[in-house]
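J.: Residue numbers (our numbering): 58 to 196. Virtual Cβ for every residue (Gly too), placed ideally from N, Cα, C.
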C-alpha cells in the first residue's frame with residue numbers, strides 16, 4: 058500500500074491440471090469473484106480447452122476478453138499431506154497480454170465444495186468439506 062503497510066492476500070497452493078500437463082502455483086482466493094480466472098499463458102501451457110465461448114469479464118474499472126473453460130484443481134493441504142481434487146471447475150481464461158500471471162479462485166465450483174474460513178491473525182485458511190477438515194497455510 059502507499060502508506061507502507063503490508064496487506065496479506067489469501068493465497069493457497071494449488072495444482073492445475075490439463076491435457077498437456079500440470080502446474081503447482083499459489084492462487085488467490087477471492088470471495089468477490091464469481092468464477093475462477095486463469096491467465097492464457099498458464100492455460101495454454103497445461104492444455105486447458107481454449108475452444109469455449111468467448112466473452113468479456115468486467116472488473117472494477119476494466120474489462121478483459123475471456124474464454125469459458127473447465128479446470129481440474131487439486132488443493133494441496135499442509136497437514137498430513139492432504140489434498141482434495143475438484144473436477145470441472147467453471148473457469149474463465151483471461152486473454153490479456155499483460156504480465157499478470159495470478160490465478161484467482163472464484164466462488165462457483167469451489168465455495169460449493171468447501172466452507173472456507175479465513176483466520177487472518179493465525180495466517181491460516183481453513184477449508185471444511187463433507188469428509189472433514191482440511192487446513193491450509195497461506196502462501
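Quick one: complete alpha helix (DSSP H) runs, 4+ long, within the stretch 63–121?
T.: 97–103
J.: Taking all protein chains shown into account, decide if residue 36 is buried (16 or more other Cβ within 10 angstroms of its Cβ) or exposed.
T.: One cannot answer for residue 36 here, as it falls past the ends of the chain, which runs 58 to 196.
J.: Give me the Cα-Cα distance between residue 71 and residue 131, rounded to the nearest whole angstrom.
T.: Locating residue 71 in the chain shown gives position 14, counting from the first residue. Locating residue 131 in the chain shown gives position 74, counting from the first residue. Answer to the nearest angstrom: the Cα atoms are 6 Å apart.
J.: Hey, how far is the Cα of residue 101 from the Cα of residue 124?
T.: On the chain shown, residue 101 is found 44 positions in, with the first residue counted as 1. On the chain shown, residue 124 is found 67 positions in, with the first residue counted as 1. For residue 101 and residue 124, the distance between alpha carbons rounds to 12 Å.
J.: Please return the same chain residues whose Cβ sits closer than 6 Å to the Cβ of residue 146, not counting the five positions on each side in sequence.
T.: Taking the first residue of the chain shown as position 1, residue 146 is located at position 89. Correct list, in chain order: 93, 128, 130, 166.
J.: Give a yes or no on whether the C-beta atoms belonging to residue 109 and residue 126 are separated by under 9 Å.
T.: Mapped onto the chain shown, residue 109 falls at position 52. Mapped onto the chain shown, residue 126 falls at position 69. Against a cut-off of 9 Å, the Cβ pair of residue 126 and residue 109 comes out as a contact.
J.: Between which residues of its own chain and residue 170 is the CB-CB distance below 8 Å, once the five residues before and five after are set aside?
T.: Residue mapping note: residue 170 aligns to position 113 of the chain shown, counting from 1. For residue 170, where only same-chain residues beyond five positions count, the Cβ hits under 8 Å are 141, 143, 186.
J.: Which complete beta strand (DSSP E) runs does the stretch 131–185 hold, if anything under 3 residues is left out?
T.: The stretch 131–185 contains these whole beta strand (DSSP E) runs: 140–151, 160–162, 172–176.
J.: Any idea if residue 178 is buried or exposed, counting beta-carbon neighbours within 10 angstroms, 16 or more meaning buried?
T.: Locating residue 178 in the chain shown gives position 121, where the first residue counts as 1. It is exposed - the Cβ of residue 178 has fewer than 16 other Cβ atoms within 10 Å.
J.: Using the Cα positions of residue 85 and residue 182, report the straight-line distance between them to the nearest angstrom.
T.: Residue 85 sits at position 28 when you count from the first residue of the chain shown. Residue 182 sits at position 125 when you count from the first residue of the chain shown. Looking at the two C-alpha atoms, the distance is approximately 11 Å.
J.: Among the candidates 116, 76, 79, whose CA atom is the shortest distance from the CA of residue 163?
T.: Here residue 163 refers to the residue found at position 106 when the chain shown is read from its first residue. For the set 116, 76, 79, the Cα lying nearest the Cα of residue 163 is the one of 116.
J.: From residue 88 to residue 151, what distance separates their C-alpha atoms?
T.: Position 31 of the chain shown, counted from the first residue, corresponds to residue 88. Position 94 of the chain shown, counted from the first residue, corresponds to residue 151. For residue 88 and residue 151, the distance between alpha carbons rounds to 18 Å.
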